[in-house]
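Numbering (numbering that gives the first Met the number 0), first residue to last: 0 to 163.
For glycine and all other residues, C-beta sits at the position ideal for the given N, C-alpha and C.
Keep in mind it's a predicted model, so treat the numbers as computed, not measured.
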Amino acid sequence: MSELEKRRVLLLGLGNDILTDDAVGLNIAREVRRQLGDRPDLEVVECEEMGLSLLDHIVGFRDLVLVDAVQTKKAPPGFLHEIGLGDLSILPSMTPHFFGIGEALDLGRRLEMRVPDRVRIFAVEVEDPFTLGTRMTPALTEAMPAMVERIITCLDELASTPAA
């Protein structure tokens, strides 16, 4: 199996470790890595970057699963908004990390780089993404197992489905 075949799926957890619930993407990535270990088709990356710098992380993967915090106040903390790339235009005001992922993918394609063909985005509804602190709110902490289970299910689906 070639290196490119091994690097099929990227889980990219975004956030800021010192802003309470904003760290949810990083925490989900850590827990998925703990549960799935060294699965050869999966790479898990925790990232505090945003915008076009995300291109450095996504090149070389067939599939991308991106997880970040969002605060819409239209759903309870821990709710997973599952969105597609076409929905990204509504997100920049809610989270700084999503700003640029669509542009990064478009730039990569224009530069003929190998960027993911399939992208799934999980925007985790959070309670408090602004307070300095290293612990997520109780509601989000309680929702972690279910969120991680859904992300792992998505990763398994992508790994078992051939690219179009």
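Quick one: what does DSSP say P61 is sitting in, helix, strand or coil? Stepping through the sequence shown from its first residue, residue 61 is reached at position 62. Note that residue 61 is Arg in the sequence shown, not Pro. Residue state, collapsed to three classes: coil.
Can you say whether V131 is buried or exposed, counting buried as having 16 or more other CB atoms within 10 angstroms of its CB? Residue numbering aside, residue 131 sits at position 132 when the sequence shown is read from its first letter. For clarity, residue 131 is Leu in the given sequence; the question names Val instead. Exposed, by the Cβ-count rule.
Just to check my reading of the structure: F78 and V8 have Cβ atoms closer than 8 Å, yes? What is that Cβ distance to the nearest angstrom? Counting from 1 along the sequence shown, the entry for residue 78 is found at position 79. Counting from 1 along the sequence shown, the entry for residue 8 is found at position 9. Not a contact, Cβ separation roughly 24 Å.
Which whole runs of the alpha helix (DSSP H) in the stretch 8-73 are 4 residues long or more, in chain order? 23-35 and 54-57
Can I27 and V66 be called in contact, C-beta distance under 8 Å? By 1-based counting over the sequence shown, the position of residue 27 is 28. By 1-based counting over the sequence shown, the position of residue 66 is 67. Cβ atoms of I27 and V66: closer than 8 Å.
Name the residue from K73, I82 and S52 whose alpha carbon lies nearest to the alpha carbon of E102. On the sequence shown, position 103 is the one that residue 102 refers to. When each option's Cα is compared against that of E102, the closest is S52.
At the level of alpha carbons, what is the spacing between R119 and E48? Sequence index remark: in the sequence shown, residue 119 carries index 120 (1-based). Sequence index remark: in the sequence shown, residue 48 carries index 49 (1-based). Answer to the nearest angstrom: the Cα atoms are 18 Å apart.
I'd like to know whether the C-beta atoms of P76 and V125 end up nearer to each other than 8 Å. Within the sequence shown, the letter at position 77 stands for residue 76. Within the sequence shown, the letter at position 126 stands for residue 125. Taking 8 Å as the Cβ cut-off, P76 and V125 qualify as a contacting pair.
Between L10 and L54, how many whole angstroms is the CB-CB distance? I'm expecting something under 8 Å. Here residue 10 refers to the residue found at position 11 when the sequence shown is read from its first residue. Here residue 54 refers to the residue found at position 55 when the sequence shown is read from its first residue. Not quite, the Cβ-Cβ distance comes to about 17 Å (not below 8 Å), so this is no contact.
Classify V118 as helix, strand or coil using the three-state DSSP reduction. Residue mapping note: residue 118 aligns to position 119 of the sequence shown, counting from 1. The answer is strand: DSSP assigns V118 an E or B state.
Rounded C-alpha distance that separates P144 from R108: Residue 144 sits at position 145 when you count from the first residue of the sequence shown. Residue 108 sits at position 109 when you count from the first residue of the sequence shown. Each residue's Cα considered, the two are about 35 Å apart.
Taking buried to mean at least 16 other C-beta atoms within 10 Å of its own C-beta, is L110 buried or exposed? Working through the sequence shown from its first residue, we reach residue 110 at position 111. Classification for L110: exposed.
Just to confirm my understanding: we take P128, look at its own chain, exclude 5 residues before and 5 after, and list those with CB closer than 7 Å. What are they? Taking the sequence shown and counting its residues from 1, one reaches residue 128 at position 129. The residues are L18, T19, D20, D21, A68 and Q70.
Helix or strand or just coil, what does DSSP make of V125? For the purposes of this step, residue 125 is taken as residue 126 along the sequence shown, with counting starting at 1. Reduced to three states, the DSSP call for V125 is coil.
For M132, the residue or residues it bridges with in DSSP: On the sequence shown, residue 132 is found 133 positions in, with the first residue counted as 1. The sequence given here has Gly at residue 132, not Met. Answer by DSSP bridge pairing, in chain order: L18.
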